[in-house]
Amino acid sequence: MAQLCRMDKSGTTREVIGELIPNDGVDSIRAVFQGEYAFIYDGSGLADEQETTKSIIEVSLTSGDKKIVYEVTGKGISITNVKCFGDKIFFTVREADSISDKAISVHSRGLFSYSCSNDEIEEVSGQNINDYYVVDGTMYYFVTGEGLYKIDIGSDISQKIWESTEQCDMCSVSSDGEYIYLNNHKYCYYMWELYGFSENRYIVIDKGGNVINEILCPDALALYFGDDRYLFYKSMNDAEGLMYMKKDDIETGGDWKQVFE
36 MAQLCRMDKS GTTREVIGEL IPNDGVDSIR AVFQGEYAFI YDGSGLADEQ ETTKSIIEVS
96 LTSGDKKIVY EVTGKGISIT NVKCFGDKIF FTVREADSIS DKAISVHSRG LFSYSCSNDE
156 IEEVSGQNIN DYYVVDGTMY YFVTGEGLYK IDIGSDISQK IWESTEQCDM CSVSSDGEYI
216 YLNNHKYCYY MWELYGFSEN RYIVIDKGGN VINEILCPDA LALYFGDDRY LFYKSMNDAE
276 GLMYMKKDDI ETGGDWKQVF E
């Protein structure tokens, strides 16, 4: 059983806040925090051939009390991209259409939100949204096979600002407040037989959709958006390990350097 724990800054003491959901030892349990609550979910499930139920659980950080705020049932189904913006928890629901040795076919049922203030679930969009991010009241979201869109929160009018490419047909989205960052690592994983990890890359875009830079990350096992100062990726080469690039050099490309030399 997975547990939610609280640890002091020194790392010397640990307190169990509460037990969460069954877990067989894999690292698929995720947590997002909003105020005095944690929202817990299991991000696995796309490979499940049997019908399963996935849920988002709200856990009080003070009392440990928990309640289910969202559930979805299906075969090959997964709750993904859970993020907090304001008083809302946003998330996507992804479903596998087919799985083979060469590729995985996946679609998104859409983007949803849970309001912490009125305890309501809302469908934000029914499009095949792979990922999204909110910056200054504007949502930037990537529709698989189409590209990157932006829409002002509360508006019904969206605008495509970047067209998807052959190698970047499905992208994850983040932002440091200045630029929008895309990466195609998940797509390369799904299309392993075709691309392997040699086509891994970050694409840096301004808020109007202009490409600032495209940064290759060859043979990366994982890509991490980082913070307002650094980008990261984990190399397949054990001698290199975790690599970073300073965002001060993001417009000109910069150099990847080892975190632990």
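Counted the way my numbering counts, the sequence shown spans residues 36 to 296. Even for Gly, the Cβ is constructed at its ideal location relative to N, Cα and C.
Cut-off 8 Å between Cβ atoms - residues of its own chain near residue i, not counting five sequence neighbours on either side
i	result
Glu-50	Cys-40, Arg-41 and Met-42
His-142	Arg-129, Glu-130, Asp-132, Asn-163 and Thr-179
Lys-281	Arg-264, Tyr-265 and Gly-289
Ile-188	Val-169, Gly-172, Thr-173 and Met-174
Gly-296	For clarity, residue 296 is Glu in the given sequence; the question names Gly instead. Cβ within range, chain order: n/a, list empty.
Asp-154	Val-104
Contact set for residue i: own chain, Cβ-Cβ below 6 Å, skip 5 residues either direction
i	result
Leu-251	Arg-236
Glu-54	Met-36 and Gln-38
Ser-150	Lys-123
Leu-81	Gly-111, Ser-113 and Ala-131
Gly-261	Phe-267
Lys-269	Leu-256, Ala-257 and Leu-277
Lys-185	Thr-173, Tyr-175, Gln-194 and Ile-196
Glu-263	The residue you asked about is not Glu; residue 263 is Asp in the sequence shown. Around Asp-263: Asp-211.
Lys-102	Glu-93
Trp-291	Met-278 and Met-280
Check: residue i C-beta below 7 Å from any heavy atom of the ligand NAP
i	result
Lys-195	Because no ligand of any kind appears in the structure shown, any question about the ligand NAP cannot be addressed here.
Counterpart residues of residue i in DSSP-defined beta bridges
i	result
Asp-77	Ile-64
His-142	Glu-130
Ala-255	Ser-270
Arg-236	Leu-251
Glu-157	Ser-148
Gly-109	Thr-87
Phe-125	Lys-118 and Ser-148
Asn-218	Ser-207 and Tyr-237
Arg-49	Met-42
Gly-182	Val-178 and Glu-198
Leu-277	Lys-269
Ile-285	Ile-285 is not bridged to any residue.
Ser-32	What the structure shows of the chain is the stretch from 36 to 296, and residue 32 is not part of that stretch, so it cannot be assessed.
CA nearest to the CA of residue i, picked from the options
i	options	result
Leu-217	Gly-180, Tyr-176, Ile-186 and Gln-194	Tyr-176
Leu-266	Ser-79, Val-294 and Ile-114	Val-294
Ser-190	Gly-172, Leu-183, Lys-44 and Ser-199	Gly-172
Met-271	Asp-262, Leu-258 and Thr-47	Leu-258
Glu-86	Ile-112, Ile-75 and Leu-55	Ile-112
Lys-196	Val-170, Val-246 and Ser-209	Note on identity: in this sequence residue 196 is Ile, with Lys being the wrong assignment. Of the candidates Val-170, Val-246 and Ser-209, the one whose C-alpha sits nearest the C-alpha of Ile-196 is Val-246.
Glu-286	Tyr-214, His-220, Ile-92 and Ser-233	Tyr-214
Thr-127	Glu-234, Ser-95, Tyr-168 and Ile-238	Tyr-168
Val-107	Thr-115, Val-170 and Asp-100	Thr-115
Ile-240	Gly-182, Tyr-279 and Asp-273	Gly-182
Asp-254	Lys-282, Val-208, Ile-238 and Cys-223	Cys-223
Asp-204	Thr-47, Asn-165 and Asp-187	Asn-165
Lys-242	Gly-78, Val-208 and Gly-288	Val-208
Ser-63	Gly-78, Ser-148, Val-159 and Gly-145	Gly-78
Glu-84	Gly-99, Gly-161 and Gly-109	Gly-109
Lys-89	Arg-65, Gly-99, Ser-98 and Asp-100	Arg-65
7 Å CB neighbourhood of residue i in its chain, flanking five on each side removed
i	result
Lys-221	Met-205 and Ser-207
Leu-96	Ile-52, Glu-71, Tyr-72 and Ala-73
Ile-238	Cys-203, Leu-217, Val-246 and Glu-249
- Query: Can at least three beta-carbon pairs, one atom from the region 111 to 126 and one from the region 66 to 73, be found at a separation below 8 Å?
  - Reply: yes
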